[in-house]
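**Q** Submitted below is the structure of interest, expressed as C-alpha cells.
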Amino acid sequence: VARGLDVKRISHVLNYDIPYDVEAYIHRIGRTGRAGAKGEAILFVAPREKRLLRAIEKTIRQPIEPMQMPTAADINVQRVSRFKQKIRDALAENTKNELFYQMLTELQEEESAEPLEIAAALARLLQGDEPLLLSERPERRPRQPDTDSHPRQSRNPQAKKPRSPASDKALPLKGHPEVEMQRFRLDVGYDQDVKPGNIVGAIANEADLESEYIGHIEIYDDYSTVDLPAGMPKETFHALKKTWICQRRLNITPVGGEKKTEKHRPRKKKKTHSSTKQ
C-alpha cells in the first residue's frame, strides 16, 4: 500500500508490479528506512517496463541494483532445509508420544515395514499434495528484434483492420444498471501492447474503485476507451491523467465533453486497517 496503513517496522517491501507513479513508489519503499532503520526494497520489472525503471532511477538519483533470480535448485535447497527444521522442532518439543509409539510399533509389525519407510510415509502426509521440490524450467531466450525492412505493424491482428471511431455513448453497467456511466478516452492502445487487465488494474488502484464498476473497454491502435461511473471527483480524474500503463501516460479525457453529476455513487474498494500494540 502507498497510503492509509501505518506499520511500525517493515524490513522488506516487494513490488510485484512496477508502480506507474514514481512518487507512490518512493513512498512505499520509504517505509523500510524510517528512524534510521534499514530495509530492502525489491521490484519486479518486465522487459517492456525498463523505461519506467529508468524514470524511477532518474527521480531517486541512483541506480537500482539488479538481482539474480533464484533457480529451482536454489529454492529446493531452502525447501528441504525448512522441511528438516519442522522435524527438528517436533523432536525438540520432548512431548510424551507413548500413543504414537504404540501405533507405529503395531503398524511396523502388521506391515513388516522398516522404520525409515514409515517415516517417509509420514513425511509425505506432512507435505500434502503439493510437491516439495520444483522442477527446472528451460530458460527463455530473448526475442530477436525484427530485422525486416518493412515498416513495423501492430502485433495484434485486430489492430490491423480499420476500425470505426469510438462512440460517445457509454454502455449500461452489467449488474448495476442504476449507475450512470460516462465514456473516457485513454492515450494507450494496441501499439503499446495494452490489455484490458492493464487498464482495469491501473484504474482500480488509482481511482480506489471496485473493478465491477469499471465498464466496457474498447482498444484501438493508439488509444482506448473505457466506461466509468459519471461524476468522477476532480482529484481522482487528475490522478488518472498522470497514471502510466505500458510506458505511456493515460491522459484520460471525457469522450463527448463533460458529464453532469452522478446519480448513484458506486462503492469504493474496501480498505483494511491494522494496528500494532507495543
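1 is the number of the first residue of the sequence shown in the UniProt record's numbering; add one for each residue after it. Here a beta-carbon is modelled for each residue, glycine too, at the ideal position from N, C-alpha and C. This one's a predicted model, so the numbers in the text were calculated from it and none came from an experiment.
#1: Around the C-beta of G252, are 16 or more other C-beta atoms found within 10 angstroms, so that it is buried, or is it exposed?
#2: Considering only C-alpha positions, which residue in the set Q68, R61, A37 is nearest to L43?
#3: List the residues that DSSP assigns as beta-bridge partners of P66.
#4: Might you give, ordered along the chain, the residues of its own chain that have their beta carbon closer than 6 Å to the beta carbon of R48, omitting 5 neighbours on each side?
#5: Excluding five sequence neighbours on each side, which residues of the same chain lie with their C-beta closer than 6 Å to the C-beta of A159?
#6: Is the beta carbon of A202 sitting closer than 8 Å to the one on T243?
#7: Out of E23, I29, D21, which has the shortest C-alpha to C-alpha gap to R9?
#8: Going by DSSP in three states, M181 sits in which element: helix, strand or coil?
#9: Within the continuous alpha helix (DSSP H) that includes H27, where are the two ends?
#10: Taking only runs of the alpha helix (DSSP H) that begin and end inside the stretch 85-144, which ones reach a length of at least 4 residues, in chain order?
#11: Classify I245: buried if its beta carbon has 16 or more other beta carbons within 10 angstroms, exposed otherwise.
#12: Look at D168 and R248 and say whether their C-beta atoms are less than 8 Å apart.
#13: Just to confirm the assignment, what range does the beta strand (DSSP E) spanning P19 have?
#14: Hey, how far is the Cα of E23 from the Cα of E180?
#15: Output the residue ranges of the beta strand (DSSP E) runs that lie fully inside the stretch 190-221 and measure 3 residues or longer, sorted by chain position.
#16: Could you give the DSSP three-state label for A41: helix, strand or coil?
#17: Are I219 and V194 touching if we call contact CB-CB under 8 Å?
#18: Residues in its own chain within less than 8 Å of S154 by CB, not counting five upstream and five downstream?
#19: Please state the DSSP three-state secondary structure of N76.
#20: Can you give the beta carbon distance from A204 to R183, rounded, assuming they're within the 8 Å contact cut?
#21: Grab the span of the beta strand (DSSP E) containing T225 for me, first residue to last.
**A** According to the data block:
#1: Here the sequence assigns Ile to residue 252, which means Gly is not the residue at that position. Under this definition I252 is a buried residue.
#2: Q68
#3: Answer is none; P66 lacks a bridge partner.
#4: Excluding sequence positions up to five before and after R48, its CB lies less than 6 Å from no other CB in the same chain.
#5: A caution first: A159 carries a pLDDT of 47, below 50, which makes its placement in the model too unreliable to give a value.
#6: yes
#7: I29
#8: strand
#9: 22-29
#10: 98-111, 115-127
#11: buried
#12: no
#13: Neither: P19 is in no beta strand (DSSP E) and is coded neither H nor E.
#14: 32 Å
#15: 217-219
#16: strand
#17: yes
#18: Residue placement at S154 is flagged as unreliable, the pLDDT there being 43, under the threshold of 50; a coordinate-derived value is accordingly withheld.
#19: When secondary structure is reduced to three states using DSSP, N76 falls in the helix class.
#20: With a Cβ gap of about 18 Å, A204 and R183 do not count as contacting.
#21: 224-229
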